[in-house]
Amino acid sequence: MAEQTLGIIKPDAVKKRVIGKIITRIEEEGFDIVRMKMLHLTKEEAEGFYAVHKDKPFYAGLTDFMSSGKIIVMLLERDNAINHWRKVMGVTDPAMADSGTIRHSYGFSIERNAVHGSDAPKTAEWEIKYFFKK
Ligand code: ADP
Ligand code: MG
């Protein structure tokens, strides 16, 4: 059954000029790109999106980074979209990510890790609304 998730190409990957490579991979993995837009988040918008992490030591750095340049936000759809996109991205730290994953290929550090993906149905719904259905 088709499921939706939110994907983001983060500022490090946009600056690295690998938007095209990442989108090609998304299409090859069988996702439909239902909606897509390029944005430059304000610090406040980045803080809102990552509010779940507001007590983490990396929150300030993360929200500075996410508002430091343009991002691509995508509503992705396929069966098992949430878990499949997480698998294609790889784990949070690119140094630990399996070869062939996007974070292994294009991530720079545990913070600057190229892409975002929702982690569960509830968060996917909330994140999709945050960018597309407000
Ligand atoms: P994921 O994006 O894999 O779901 P988290 O939800 O735990 O990971 O964290 C959100 C984002 O915060 C990560 O993608 C990464 O950009 C950043 N981050 C996570 N952990 C750290 C850390 N220890 N130091 C710096 N940044 C981090
Ligand atoms: Mg997460």
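Going by the numbering used here, the residue at position 124 of the sequence shown is 112; the numbering climbs one at a time, nothing skipped.
A virtual CB, placed ideally from N, CA and C, is assigned to each residue, including glycine.
Quantities reported herein were computed from a predicted structural model and do not represent experimental measurements.
#1: Answer with buried or exposed for residue 54, where buried requires no fewer than 16 other C-beta atoms within 10 angstroms of its C-beta.
#2: Rounding to the nearest angstrom, what Cα-Cα distance links residue 3 and residue 57 in this structure?
#3: Roughly how many whole angstroms lie between the Cα atoms of residue 18 and residue 31?
#4: Whose CA, out of 77, 62, 101, lies closest to the CA of residue 120?
#5: To the nearest angstrom, how far is it from the Cα of residue 107 to the Cα of residue -4?
#6: Given that a residue counts as buried once 16 or more other Cβ atoms are within 10 Å of its Cβ, and exposed if not, what is residue 36?
#7: Is it the case that the segment 10 to 30 contacts the segment 64 to 80, given that we only count it when at least three CB pairs across the two stretches are under 8 Å?
#8: Run through DSSP, which three-state label would residue 20 get?
#9: The ligand ADP and residue 37: does the residue's C-beta get closer than 7 Å to at least one heavy atom of that ligand?
#10: Which of helix, strand or coil does DSSP assign to residue 84?
#11: Once the 5 residues before and after residue 51 are set aside, which same chain residues still bring their CB inside 8 Å of it?
#12: Looking at the ligand PLP, does it come within less than 7 Å of residue 107, judged from the CB to the closest heavy atom?
Let's see:
#1: Counting Cβ neighbours within 10 Å, residue 54 comes out buried, since at least 16 surround it.
#2: About 8 Å.
#3: Residue 18 and residue 31: Cα-Cα distance of roughly 33 Å.
#4: Cα-wise, what sits closest to residue 120 is 62.
#5: Their Cα atoms are separated by approximately 13 Å.
#6: With fewer than 16 other Cβ atoms within 10 Å, it is exposed.
#7: The answer is yes - the segment 10 to 30 touches the segment 64 to 80, with three or more Cβ pairs under 8 Å.
#8: Strand, per DSSP.
#9: Not under cutoff, so the answer is no.
#10: Note: residue 84 maps to helix in three-state DSSP.
#11: Cβ neighbours of residue 51 beyond the five flanking positions: 31, 34, 35, 38.
#12: Among the ligands present in this structure, namely the ligand ADP and the ligand MG, the ligand PLP is not found.
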